[in-house]
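Chemist:
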Amino acid sequence: MYQLYVLDPVEKPVLNVSPHQSNDSCNVTLTCGAQKLSITSHCYNATCDMKEEKTAGDVFLSLYVSNSFITL
Numbered sequence: 001m002y003q004l005y006v007l008d009p010v011e012k013p014v015l016n017v018s019p020h021q022s023n024d025s026c027n028v029t030l031t032c033g034a035q036k037l038s039i040t041s042h043c044y045n046a047t048c049d050m051k052e053e054k055t056a057g058d059v060f061l062s063l064y065v066s067n068s069f070i071t072l
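Take 1 as the starting number for the sequence shown in UniProt numbering and just add one per residue.
1. Does leucine 30 come out as helix, strand or coil in the three-state DSSP assignment?
2. Just to confirm, are valine 14 and cysteine 43 a CB contact at a threshold of 8 angstroms?
3. For valine 6, is the classification buried or exposed, using 16 other Cβ atoms within 10 angstroms of its Cβ as the cut-off for buried?
4. Going by alpha carbons, who is nearest to valine 10 out of Leu37, Asn16, Pro19, Thr47?
5. On the DSSP bridge list, what partners appear for glutamine 35?
6. Which first and last residues belong to the beta strand (DSSP E) in which asparagine 45 is found?
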């Protein structure tokens with residue numbers, strides 16, 4: 001289970017979690033969308049990286065993952 005934190009007000013943020021399990025690892029792809037933007041982070045075992053930052057006009061979208069906390 002994850003907790004999603006939104007730092008600034010956005011319309012209906014959507015979080016999609018896609019697990020990819022193999023023999024000895026747990027990999028997850030997180031895709032979060034808000035304000036007509038989308039951002040993706042890939043997690044391998046317990047390590048997640050921010051893969052993309054998106055901007056559109058004055059809107060900036062970033063995704064950070066730490067333990068079970070997701071910050072948009």
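Ideal Cβ placement from N, Cα and C applies to all residues, glycine included.
Modeler: The answer reads as follows:
1. Secondary structure of leucine 30 (DSSP, three-state): strand.
2. No Cβ-Cβ contact shorter than 8 angstroms links valine 14 with cysteine 43.
3. exposed
4. Leu37
5. Bridge partners of glutamine 35: none, in fact.
6. Per DSSP, asparagine 45 lies in no beta strand (DSSP E) and is assigned neither H nor E.
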